[in-house]
Amino acid sequence: MSNLVKATDFPSFRSMMEDFWNTDGFFSKPIFSKTSLPPVNIRDTKDYYELTLAAPGYKKDDFKIAIEDGMISISAEHKSEKKEEKENYTRHEFHQEEFTRVFSLPENVTEDAIKAKYQDGILQIELKKTAKSPSNKKTVQVS
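The sequence shown stops at residue 143 when you use the UniProt record's numbering, and every number in between is there.
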């Protein structure tokens, strides 16, 4: 299984300066982005790989797990609306969080026997290993 590097949530100095000097967009853009990848742990056991992804605040229906071309793609999208009332005005904020994580599947995973469950903010995916086939050891003559 491959690991992905978490993207930083902190913008570059250059982009902050561009936002600062661009007065039309300075107050309309957030300085810090809410986009980040949820952390994942991958455990190799005797019978299966266990992929555990920390994604609190989602519902199980928010997740989509797809398997294609030897890859497993885990994505989720969560939308919510927050209404905040102040002195003489009302402010509405729509909030959307989404992510996609993609991993290469090892050759010894049975793609038809993958299970997933989401409980208490943790998505747990069990990737069952195939039965080991006898080794077809071959020797090659050097000429």
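Note that beta-carbon positions come from the ideal geometry of N, C-alpha and C, so glycine has one too. Bear in mind the structure is a predicted one, so any value in this text is a computation, not a measurement.
| request: Output yes or no for whether 8 Å exceeds the beta carbon distance between E114 and L127. | output: The residue asked about is misnamed: residue 114 is Ile in this sequence, not Glu. Yes, Cβ-Cβ distance for I114 and L127 is below 8 Å.
| message | Quick check: what's the CA-CA separation for M71 versus P38? | response | M71 and P38 have their C-alpha atoms roughly 18 Å apart.
| From K79, T45, D61 and F13, residue whose alpha carbon lies closest to that of E108 | Note that residue 108 is Asn in the sequence shown, not Glu. Measuring from the Cα of N108, the nearest candidate turns out to be T45.
| task | State buried or exposed for F13, treating a residue as buried only when at least 16 other CB atoms are found within 10 Å of its CB. | result | So F13 ends up on the exposed side.
| field | Rounded straight-line distance, which links the Cα of V142 to that of A76 | value | Approximately 52 Å between the Cα atoms of the pair.
| message | At the level of alpha carbons, what is the spacing between K79 and T52? | response | Going by the C-alpha atoms only, they are around 23 Å apart.
| query | Any heavy atom of the ligand MN closer than 7 Å to the CB of D112? | reply | The model depicted lacks the ligand MN and carries no ligand whatsoever.
| task | Indicate whether R43 and I74 have their beta-carbon atoms separated by less than 8 Å. | result | No, the Cβ-Cβ distance between R43 and I74 is not below 8 Å.
| field | Proximity to E97 [Cα-Cα], best of L105, N41, E68 and Y58 | value | Of L105, N41, E68 and Y58, the residue nearest in Cα terms is Y58.
| field | Rounded C-alpha distance that separates F26 from I125 | value | Note that F26 scores a pLDDT of 41, beneath 50, so its modelled location is shaky; the value from the coordinates is reported in the next line. Straight-line spacing of the CA atoms in F26 and I125 works out to 42 Å.
| request: Could you check what DSSP says for D69 in three-state terms: helix, strand or coil? | output: Residue state, collapsed to three classes: coil.
| If we count the other Cβ atoms within 10 Å of its Cβ and call it buried at 16 or more, is T23 buried or exposed? | Confidence at T23 is low in this model, with a pLDDT of 49, below 50, so the placement of that residue is unreliable and no value is reported for it.
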